[in-house]
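This report concerns only the one structure given below.
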Amino acid sequence: MDSQKGPGAHRPGKHGTLTSNEQEGLPTDIDVRVHYRSAAGRTLVHEPGLLRDIPLEERAPLSEPHAYRGRRSILTDWFCATNGVTVWCSSTVQMDAAMLLDFDADIACFQSGVAELHWQHEGRQGTVRPAFFARTHDGRRFVIPHRLAARAAEVEERVLRHAAAAAGWQIRPLQVPEGVLHSSLRSMAHFRSADFAPGTQARQVLMDVFAVPRPLQEGAAVSGLGLPAAGHIWHLLWTGTLDFDRTLPLLPTSRIWAVPGNDHSWEDNG
């Protein structure tokens, strides 16, 4: 992705992560083992405390989700422009969450399905499969759980908090774009690939064109860049080099403008 997706947009703590104080008093008798792949692709099993320096967000998924008779969710995938990998998703909700992670300026790397947390406690046992693992540009590491029914979420949260405290992860709630945000991201995401990135000269032309706010399609027309202009503009909107009124749907007629500092994080990303 464009180099403007970088640490300039970091806002530590805005994603609802757990502090060290909130992690105090967790049960010590719960047993958790993390299943994940080595860098060479071999399946490993370790207790969470041994994973503090393991970049799970860079590892291959343990398996790809498969369709089966009676499955209610739709299997899909998301090509991640952030780190150039395919992220497998077990539902359209998870795919939308992946889109939002891909857009987030804080995120340097993320992947789905890379770890399973197998737990035992007071004669009970189960498996927690987080939606994503992610890492920010400044090195913070997140585990992102699926949205679950209240009863299941209580158990999953307890297991995740236990593992996160040992492994040095922060827990980030699953965020899914909705309404205007969802529509705008979907429009921009079609042009997230580096194939739509303008060269240095074309980029400067567009920055000059949109130094003063004007409609997207008008700017494309007067830029002199021809047919590629629109794709370049949408790509620069995705990277945050250009911006728009985020309370309104993003359309070809929307007024857009160049952004000083190229910070493209959303003020409210749900």
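Counting in the working numbering, the sequence shown runs from 82 upward without gaps. Just so it is clear, CB atoms sit at the ideal spot from N, CA and C, and this is done for glycine as well.
For residue i: DSSP bridge partner residues
i: W159; result: V168
i: E259; result: BP columns for E259 are empty, so no partner.
i: H116; result: V126, E197
i: G207; result: W200
i: F325; result: I337
Run of the alpha helix (DSSP H) containing residue i, from where it starts to where it stops
i: I188; result: Counting along the chain, I188 falls outside any alpha helix (DSSP H), though it belongs to the beta strand (DSSP E) covering 188 to 192.
i: A215; result: From DSSP, A215 is part of no alpha helix (DSSP H) but of the beta strand (DSSP E) over 213 to 217.
i: A179; result: 173 to 184
Closest Cα partner of residue i within the set the options
i: A121; options: R239, R140, L306; result: R140
i: R210; options: L182, D177, A244; result: A244
i: A248; options: L125, I111, L131, T322; result: L131
i: R133; options: Q251, T328, T281; result: Q251
i: T322; options: I337, H271, T328; result: I337
i: C170; options: A292, S264, A212; result: A212
i: F184; options: V168, C161, S264; result: C161
i: V303; options: H313, V290, A189, W315; result: V290
i: G260; options: H227, D177, S119, Q201; result: D177
i: H116; options: H316, L266, G207, W159; result: G207
i: T281; options: S264, H313, P258, H271; result: H313
i: L306; options: D324, R327, R284; result: R284
i: T157; options: M180, M288, I111; result: M180
Exposed unless 16 or more other CB atoms sit within 10 angstroms - verdict on residue i
i: P341; result: exposed
i: P333; result: exposed
i: R74; result: Not covered by the structure: residue 74. The range shown for the chain is 82 to 351.
i: V126; result: exposed
i: Q201; result: exposed
i: A275; result: exposed
i: A292; result: exposed
i: S193; result: buried
i: T217; result: buried
i: H203; result: According to the sequence shown, residue 203 is Glu rather than His. Under this definition E203 is an exposed residue.
i: E128; result: exposed
i: L308; result: exposed
i: S144; result: exposed
i: H395; result: With the chain represented from 82 up to 351, any question about residue 395 goes unanswered, as that position is not in the structure.
Residue i, DSSP secondary structure in three states
i: Q285; result: helix
i: G300; result: helix
i: H271; result: coil
i: T320; result: helix
i: A234; result: helix
i: W250; result: coil
i: S335; result: coil
i: F291; result: coil
i: N102; result: With a pLDDT of 35 at N102, under the threshold of 50, the predicted position of this residue should be treated as unreliable, though the coordinate-derived value follows. N102 falls in the coil class under three-state DSSP.
i: P136; result: coil
i: A65; result: Missing from the structure shown is residue 65; the chain here goes from 82 to 351 and no further.
i: R228; result: coil
i: S144; result: coil
i: P88; result: Note on P88: pLDDT 36, under 50, position unreliable in the model; the coordinate value appears next. P88: helix per DSSP, three-state reduction.
i: I314; result: helix
Endpoints, the beta strand (DSSP E) within which residue i is located
i: P277; result: First, the amino acid is wrong: residue 277 is Phe here, not Pro. Premise fails: F277 is in no beta strand (DSSP E) and is neither H nor E.
i: V224; result: 222 to 225
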